[in-house]
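Reading through the structure tokens given below for one structure.
Chains as they are written, first to last, in the numbering used here: chain C, 250 to 597; chain U, 250 to 597.
Have a look at this one:
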């Protein structure tokens with residue numbers, strides 16, 4: 250039996266779903282992969298932290314979280330800050346699910362960097378570190394001979410990174426396009442059905458899709474961050490979100506949507522990246538009128554769509570037919586952890 | 250530098266495309282994975298065979314094939330039958346691309362069995378062995394600690410098996426549905442545009458899509474074979490094509506298609522497999538009326554569509570937006586070979 254010791258940061262909706270999933274799937278993971286996951290430490294920003302080198306009981310962790318504080322579960326004095334937790338928790342893998350500042354990528358970026366420097370494998374669901382510092386972190390992971398995995402950072406219902414890593418070896422990704430932000434796609438769908446943008450945003454907020462301040466989505470930043478991640482990981486780019494030619498949907502009106510429909514088109518916030526003949530990258534996020542028969546136009550509400558173009562196979566399209574829930578995101582994180590368990594020595 | 254010695258059976262369109270791809274990608278495979286592929290033997294049914302333990306020059310192999318016979322390239326007397334070739338060619342991997350009898354799976358099934366018994370890894374693009382004998386071959390491969398890989402056997406434009414193997418660990422596949430036969434889908438598309446079935450089949454034959462005897466496609470056998478493969482590999486089933494509840498499109502008329510359209514539906518040859526509550530499997534191939542807004546209805550001409558349902562993520566749909574060419578099929582075979590090069594010791 251392989252034991253993989255895990256330091257977990259973050260017990261938000263995804264972190265808690267992950268803890269439940271690890272418990273529910275324990276028997277299956279042992280049977281299929283001979284792997285036992287032992288969570289040796291949990292750090293939260295507002296509910297304390299706990300470390301137990303023999304492994305914490307995740308049901309107790311979840312109960313303590315509900316009751317307000319994890320500290321009583323700790324057999325050592327629990328560290329007061331996340332950085333110290335990353336540096337000292339006895340572990341093989343950092344599972345990083347902290348709440349992210351999307352502009353700075355912090356504190357996730359520091360946690361990931363410190364964990365790799367210390368020689369831990371890292372799994373994160375956070376977009377920030379990968380969008381802002383992928384090249385540095387990838388090189389650090391290679392130097393340390395550790396995995397840096399982030400399946401749930403983009404299209405977290407679908408294992409796109411695993412698919413490309415294992416299914417498209419020695420292939421060159423020439424470009425991709427898709428719909429990667431669910432808030433704007435839902436808002437456009439609702440506006441097409443007659444709502445004003447303000448009404449559509451309020452409705453998306455009531456559904457728990459849009460943030461209280463929706464500008465990160467509406468202005469196209471979230472989509473730009475995702476374009477950076479895919480381009481940096483798959484096309485060896487070194488883009489920052491500010492490098493993406495970005496227009497959000499703020500100036501799109503219901504009249505624009507109706508006029509597009511009259512022309513047999515639908516307006517969508519489309520993400521694109523394409524290698525130019527000179528080798529540089531063209532990356533954009535902007536509202537586009539797409540023909541109704543196009544799969545982009547058929548991606549509705551909170552669905553997502555991605556088409557990958559390579560030098561090796563026909564264009565490959567993936568559709569996420571329902572918005573990913575925290576359980577789906579947590580599963581992507583677990584899949585990454587299992588890859589580390591199955592292949593403790595990273596390979597290219 | 251890792252060297253992987255390959256015995257190749259078959260120089261049809263896919264085999265020749267594979268040989269060209271191996272040559273073109275040699276530098277990339279060495280740079281990315283430190284792998285050099287050495288083809289030590291090639292066997293064909295009608296163009297002779299050649300063995301050279303130091304490695305054959307694939308450009309010379311292709312020229313000799315065009316000229317009619319490979320035998321002059323052989324440094325040993327070339328074996329007269331495929332079975333002896335599999336047993337004696339000095340190799341680590343059998344790449345099996347023979348012409349298949351879809352009813353018996355032969356001779357591919359024998360080649361795969363003999364290669365695994367001998368302790369070779371096996372990569373095949375043939376559906377027969379996997380549809381007819383997956384459980385036996387899988388168990389044999391496990392006993393021998395060798396890979397049995399078949400990415401190009403279904404939806405060969407898209408790495409579905411790699412995606413599930415690496416991206417959905419410890420997940421339970423509950424079912425799938427899709428459109429997996431390009432000939433019938435093209436025929437239905439053409440009939441909807443006004444052709445009779447006979448005309449549509451002739452047109453599909455002229456395009457090189459339909460076989461001279463199209464009954465294997467039209468009667469749903471090819472689709473049933475693919476359903477078996479996916480169910481056997483992903484759902485631990487032990488289905489034979491005759492176990493699939495199968496109705497082809499032979500009795501579908503242009504009037505049926507028009508009547509469906511009048512009801513806002515489109516008739517498609519839909520593949521389905523679903524776990525029943527009692528644990529058994531319901532598998533079918535049959536014409537179904539699907540609503541026009543459904544992605545199944547939007548899969549046109551020679552496109553393919555597959556939606557996978559699991560206990561772990563939201564339904565995941567994959568679309569092959571163009572018919573796979575022999576080069577795409579060959580690439581899937583190469584991707585399998587590279588997985589063996591990257592992970593010479595198979596893992597679950």
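The beta carbon of each residue, even a glycine, is placed where N, CA and C say it ideally should be.
Asked: Rounded to whole angstroms, how far is the Cβ of residue 422/C from the Cβ of residue 565/U, which I believe are closer than 8 angstroms?; Found: Contact flag wrong, Cβ pair sits at about 20 angstroms.
Asked: I believe residue 522/C touches residue 563/C by the beta-carbon criterion, under 8 angstroms. Please report the beta-carbon distance rounded to the nearest angstrom.; Found: Actually they are not in contact, since the Cβ atoms of residue 522/C and residue 563/C sit about 19 angstroms apart, beyond 8 angstroms.
Asked: Pull up the distance between the alpha-carbon of residue 284/C and that of residue 592/C, whole angstroms please.; Found: 11 angstroms
Asked: Who are the Cβ neighbours of residue 191/U in its own chain at under 7 angstroms, not counting the five residues just before and after it?; Found: The structure shown does not extend to residue 191/U, since chain U is modelled only from 250 through 597, so no value can be given for it.
Asked: Classify residue 471/U: buried if its beta carbon has 16 or more other beta carbons within 10 angstroms, exposed otherwise.; Found: buried
Asked: Does any residue of chain C bring its CB to less than 8 angstroms from the CB of residue 441/U?; Found: no
Asked: With burial defined as no fewer than 16 other Cβ atoms inside 10 Å of the residue's Cβ, what is the status of residue 250/U: buried or exposed?; Found: exposed
Asked: Measuring only the C-alpha atoms, how far is residue 348/U from residue 259/U?; Found: 7 angstroms
Asked: Taking all protein chains shown into account, do 16 or more other C-beta atoms lie within 10 angstroms of the C-beta of residue 561/C, making it buried, or fewer, making it exposed?; Found: buried
Asked: Following the continuous alpha helix (DSSP H) through residue 480/C, name the residue where it begins and the one where it ends.; Found: 470–483
Asked: Let me know the secondary structure DSSP gives residue 489/U once reduced to three states.; Found: coil
Asked: Exposed or buried, what is residue 596/U when buried is set at 16 or more other beta-carbons lying within 10 Å of its beta-carbon?; Found: exposed
Asked: Are at least three pairs of beta-carbons, each pair with one atom in the segment 434–444 of chain U and one in the segment 499–513 of chain U, less than 8 angstroms apart?; Found: yes
Asked: What first and last residue would you give for the alpha helix (DSSP H) that runs through residue 561/U?; Found: Here residue 561/U belongs to no alpha helix (DSSP H), and DSSP marks it neither H nor E.
Asked: Determine the chain A residues that contact residue 580/U at a beta-carbon separation under 7 angstroms, and present them in chain order.; Found: Within the model displayed, chain A is absent; protein chains C and U are what it includes.
Asked: Is there a Cβ from chain C that is less than 8 angstroms from the Cβ of residue 253/U?; Found: no
Asked: Give me whichever residues DSSP pairs with residue 369/U in a beta bridge.; Found: DSSP, once it has assigned bridges, lists no residue as partnering residue 369/U.
Asked: Which residues, taken in chain order from the segment 537–559 of chain C, show a beta carbon closer than 8 angstroms to some beta carbon of chain U?; Found: 542, 544, 547, 556
Asked: Using DSSP bridges, identify the partner residues of residue 540/C.; Found: 514/C
Asked: Please confirm if the segment 373–390 of chain U is in contact with the segment 566–576 of chain U, defined as three or more CB-CB distances below 8 angstroms between the two stretches.; Found: no
Asked: Span of the alpha helix (DSSP H) holding residue 578/C?; Found: 575–591
Asked: Just how far apart, CA to CA, sit residue 269/U and residue 308/U?; Found: 8 angstroms
Asked: Nearest to residue 477/C by alpha carbon, out of 588/C, 490/C, 370/C, 468/C?; Found: 490/C
Asked: Determine, using beta-carbon pairs with one atom in the segment 273–280 of chain C and one in the segment 364–376 of chain C, whether at least three such pairs fall under 8 angstroms.; Found: no
Asked: Would you mind stating whether residue 264/U and residue 319/U have Cβ atoms separated by less than 8 angstroms?; Found: no
Asked: What would DSSP say about residue 525/C, mapped onto helix, strand or coil?; Found: coil
Asked: Taking Cβ positions, are residue 354/C and residue 378/C nearer each other than 8 angstroms?; Found: yes
Asked: So that I know if they touch, is there some Cβ in chain U lying closer than 8 angstroms to that of residue 346/C?; Found: no
Asked: From residue 328/C to residue 586/C, what does the alpha carbon distance come to, in whole angstroms?; Found: 24 angstroms
Asked: Within the same chain, show all residues whose beta-carbon is closer than 7 angstroms to that of residue 493/C, passing over the 5 residues directly before and after it, in chain order.; Found: 473, 476, 477, 532, 533, 534
Asked: Rounded to the nearest angstrom, how far is the Cβ of residue 581/C from that of residue 405/C, given a contact under 8 angstroms?; Found: 5 angstroms
Asked: Around the Cβ of residue 288/U, are there at least 16 other Cβ atoms within 10 angstroms (buried) or fewer (exposed)?; Found: buried
Asked: Along the segment 377–411 of chain C, where does the CB come closer than 9 angstroms to a CB of chain U? Name the residues.; Found: 400, 405, 406, 407, 408, 409, 410, 411
Asked: Does any CB atom of chain C fall closer than 8 angstroms to the CB of residue 596/U?; Found: yes
Asked: In the DSSP assignment, what are the bridge partners of residue 531/C?; Found: 523/C
Asked: By the three-class DSSP mapping on this structure, what secondary structure does residue 392/U have?; Found: helix
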